[in-house]
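Sequence order for the protein chains is G and W. Read left to right, the first sequence gives residues 306 to 682 (our numbering). Read left to right, the second sequence gives residues 437 to 1040 (our numbering). Positions of the beta carbon are idealized from the N, C-alpha and C atoms, including for glycine. Read through the structure below, which is laid out as structure tokens, and then see the notes.
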Amino acid sequence: MMNSDANRIGVYIHIPFCVRKCLYCDFCSFDSVGYELRERYIRELCREISSSGAGREVGTVFIGGGTPSLLSVREMSEIVSALDRNFDLSDDCEFSVEVNPGTVDTEKIRGFLSLGINRISMGMQSASDRELKAIGRIHSNTDLLRAYSALRDAGAKNVNLDCMYGIPGQTRDSFRATLDEMLSLGPEHISAYGLMLEEGTPLYRSVKNGSVSLPEEDEECDMYRIAVETLSDAGYEHYEISNYARTGYICRHNYGYWNGTEYLGFGLAASSFFSGVRYKNTEDINLYISGAGRRLECEQIQSDEAEREYIMLRLRTAAGIDQADFAAHFGRHFADGREGVIAKYISAGLLKEESSRFFLTDAGMYLSNGIICDLMP
Amino acid sequence: MTEKQKHIRNFSIIAHIDHGKSTLADRILEKTRTVESRDMEDQLLDNMDLERERGITIKARAVRLSYKANDGEEYIFNLIDTPGHVDFGYEVSRSLKACEGAILVVDATQGVEAQTLANAYIAIDNDLEILPVINKIDLASADVEKTRSEIEDIIGIPAEDCPAVSAKSGTNIEGMLERIVTDIPCPHGDEKAPLKALIFDSHYDYYLGVVVYIRVFDGSVKPGDRIKLMSTGAVFDVVEVGYLEPFGLSKSDSLSCGEVGYITASIKTVGDTRVGDTITTEENGATEPLPGFRKVQPMVYAGIYPADGAKYGDLRDALEKLQLNDASLVYEPETSIALGFGFRCGFLGLLHMEIIEERLEREFNLELITTVPSVIYRVDLRGGETRYINNPSEYPSPDEIVTVYEPVVKASIITPSAYIGGIMDLCQERRGVFKDMKYIDTERAELHYELPLNEIVYDFFDALKSRSKGYSSLDYDFDCYKPSKLVKLDFLLNGDQVDALSFIVHEDKAYERARRIAEKLKENIPRQLFEIPIQAAIGSKVIARETVRAMRKDVLAKCYGGDITRKKKLLEKQKEGKKKMRRLGTVEVSPEAFMAVLKLDDEQ
């Protein structure tokens, strides 16, 4: 599966609209957007897709946001048609869309699935209404349960649930309760993220001015450990720092980001990586709609840069760095010149070498920044 | 005596800091019309930025002015500026040596202060005619009569008819200029005698080499003369001589007896031209130098390291350049396990050290780590050897030591009466021995203490200022070495000693200081992969400990297609930070943490 994706590309499509922005969110999205602007955005999005027939087979599509589930089935079908017209979507294409529990019902999901979408990623975040409120989510736990049933009723076979730890007011026990509820629902995939406090968000300001406090570092670390243990015990493979999947259900699209698969991004602020260059579209929605905001930033990934990215991205995954693959990319052994650092982290129990791979242990993943820094050229 | 001599007045202005010396100098320049007022830049004589900002004069400078007096004659004034700070006492004395008189500026709102006295005594010791000038009479709080009586009572010089001026508004400056002509003697000396010229300053010029500032006492000097520096015997050919005009050097044919000016002679380093040395001619020169020359010795030492180890070469070049203009700065390479390659630097005092640090940072754009300043300790060892030690890392082990001596100074502090209690407490805390106290008047007193110099270098100035709201003044002079109970305090991180943090301290202070620094280390060392014990120890005895807990979280939770560039930059930045880290055994410490720990701020 991973091999078959290697020669294909991924496609990402960004839908920058939300009912309301969450307090912690620094993604490019807008709330209270009128129908007319949305219409013009989708028109330009389809134009952008049409102008970019890459002639390569597409292995995965991911429609993210924002809240893509805000779109009507008709709007979604316009986007999917544009894709179908210009790209060769493989027969086993993984086609994900992100949905918010507050914006879906069985009918809409059925409509999405009929377009070829076959994976639904839903932001649950927490089973506690108090915690959901603390981070500004628009839905309650009841909404989530209702939405989850709707997905399954509509026939969704591959579902991801997102949850978060490190939420203001969250405790080890309340996080366990969230995990237990997720497990009782039985999604194919679970993403468990540590909350990242991003500058410029309302939550950042509240924490800085002291009106809101986050769980202590030790508490948050314990939650990570609880997630690893609980989900592994329940049969989910911890395959990336924040991602867990039942066998055969890892997110192929996201996995592509970590193993160097090329991808094209369409829409506001979307990024692409193609022929060794990283591109990014404008974050200015009016500029984007005018058609003049495509690929405004680009960065050629040179040799050292490529090696840094390779190490940074592969070490996020449980598979880690394959020595033969590394040698094929960079013409030398990964361990060359890194013997001391490798020995140090192996003896600290943070890094492992097994069947010609170097990978971080569960404990190592949560300390990965410093380790990656030491291993990067 | 020549006619020329009769029309020369060589004088300095001396004052306590902030009493208006530089403003008065500016006014003199303006009134003698040497500088048009439109060209006036405030405080022209202080030509280093740092001096202007701090309002203090760091290095002596001189300027030649011409003044048409009421008697119709044209006079040459050589105004020789002096540094106003206690660290530069020797330079002050050499600058004064070049003069026949001194204007003693006293602030009419403040009265006589510690450095007014100290400087006045140096002037008296050098047989100068002192012309007291009472300044700042434009201020509402000025008390001219009281200031007059303070000058007479405390310093003991007549002041009943001394000029009262306002340098700021220009009031009565002409009156003062006339008094310079009438009160300050003209230079004596024999034009036919062998050359004797005093070096009172020098600076390095990129094109000319060292420019030596001199006062000619006997004979004369002109381009082509072969001159000898009497302390070293070094011989040079004079290339150029001239006068020190307000806007730069102005060539002349010769400098003769009584005159002040400069010479250049292709001299490579200012170290060759020691302040206080005598210049004569190589052939038929003077046999005896002018009295009073000594090589200044540093009193305070500290290790200076680049925060970024790769900047070692830049630091070396910068120190070399600073030394071109400051022969009192000494340095030699030093290696620290903790801080890498750097320099052990010797300074005249704490202010001198601060100035050098600031200039290195500002003018050479270097980020520095400076170790705790140390004085020079005398250590008598078993077996009869005596060692002088300015670096804690060279401190012998306690069982080798018979007696340790530390330098003690005589300190004089003048303070408003309200702060006497607080200052006495401070001196007590700093192991001072009270000598006596005199009331200058009903509001102010002068206290005399014997204080260990190592207590003064440890943030004494700041403490004094904060305890007297800035109204106290300090002057001190080295007195002697006294036996003392000193110990070397070491710090260990994860069991490894950090050499750069060691310092020598009095036994009674060791515990408190150890505890504070251990706490600061805990606050400033980032969490690492393992727990880090911090220990403070005297020899093998641990007297304080703290622990930095292990880091558990250092992760980017999300990294998808749109994040890669930004997350990569974050990690690259983190890697840059890690590169700057100093590795101490197994522990990594950032330069910033060192700076925070080494900052002396007991008063906060």
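For Y549 of chain G, the nearest beta carbon of chain W is not closer than 8 Å to its own beta carbon.
Shown here for I320 of chain G: same chain residues with a beta carbon closer than 6 Å to its own, the five before and five after excluded, namely G370, G371, P373 in chain order. Taking the Cβ atoms as the reference, L644 of chain W lies roughly 17 Å from I715 of chain W, outside the contact range of under 8 Å.
I422 of chain G sits in coil when the DSSP states are folded into three classes, being neither helix nor strand. Listed along chain W is no residue with a C-beta nearer than 8 Å to that of L536 of chain G; the closest approach is about 15 Å. When DSSP states are grouped into helix, strand and coil, N827 of chain W belongs to the coil group. DSSP places N555 of chain W in the helix class (H, G or I) of the three-state scheme. Contact between D458 of chain G and G407 of chain G is ruled out by a C-beta separation of about 17 Å, above the 8 Å threshold. According to the DSSP assignment, I443 of chain G belongs to no beta strand (DSSP E), since it is labelled neither H nor E. With a threshold of 8 Å between beta carbons, R951 of chain W makes no contact with chain G.
Using a CB distance cut-off of 8 Å, A993 of chain W counts as an interface residue toward chain G.
Setting aside the 5 residues that flank it on each side, D336 of chain G is surrounded in the same chain by C323, V324, R325, K326, each with a C-beta closer than 7 Å to its C-beta; the list follows chain order. The three-state secondary structure of N548 of chain G, taken from DSSP, is strand. Neighbours of M987 of chain W in chain G, taken as residues whose beta carbon is under 9 Å from its own, are E522, L672, G675 in chain order. 8 Å or more divides the Cβ of I616 of chain W from the Cβ of E536 of chain W.
Using a C-beta cut-off of 8 Å, the segment 802–815 of chain W makes no contact with the segment 959–972 of chain W, since fewer than three inter-stretch Cβ pairs fall below that distance. Taking a beta-carbon distance threshold of 8 Å, Q864 of chain W does not count as an interface residue toward chain G.
Chain W has a Cβ within less than 8 Å of the Cβ of R621 of chain G.
DSSP places G370 of chain G in the strand class (E or B) of the three-state scheme. Going by DSSP, L388 of chain G is part of no beta strand (DSSP E) but of the alpha helix (DSSP H) stretching over 378–391.
Beta-bridge partners of H319 of chain G (DSSP): G:G369. G739 of chain W sits in a strand when the DSSP states are folded into three classes. Under the DSSP assignment, T483 of chain G falls in the alpha helix (DSSP H) whose first and last residues are 477–490. Residues are counted here when their Cβ sits less than 8 Å from a Cβ of chain W; for the segment 643–667 of chain G these are A653, L655, given in chain order.
F783 of chain W has W:V736 as its beta-bridge partners, per DSSP.
Fewer than three beta-carbon pairs drawn from the segment 728–737 of chain W and the segment 688–699 of chain W are found closer than 8 Å, and the two stretches are therefore not classed as touching. Your pair I850 of chain W and S902 of chain W does not check out as a contact, with CB atoms roughly 17 Å apart and the cut at 8 Å. The C-beta of F400 of chain G has 16 or more other C-beta atoms within 10 Å across all chains shown, which makes the residue buried. Short of 6 Å from the beta carbon of D393 of chain G, and not among the five residues preceding or following it, lie these beta carbons of its own chain, in chain order: E362. Going by DSSP, T459 of chain W is part of the alpha helix (DSSP H) stretching over 457–467. As computed with DSSP, N514 of chain W is found in a beta bridge with W:N446, W:R500.
Considering only W:Q971, W:A600, W:H624, W:N890, the residue with the shortest C-alpha distance to V542 of chain W is W:A600. Cα atoms of Y329 of chain G and N514 of chain G: separation of roughly 15 Å, rounded to the nearest angstrom. Just measuring C-alpha positions, the residue of W:L1006, W:L957, W:F683 sitting nearest V499 of chain W is W:F683. In this structure the segment 993–1004 of chain W does not touch the segment 592–600 of chain G; the number of beta carbon pairs closer than 8 Å is below three. Looking from the CA of F513 of chain W, the closest CA among W:P623, W:L575, W:S529 belongs to W:P623.
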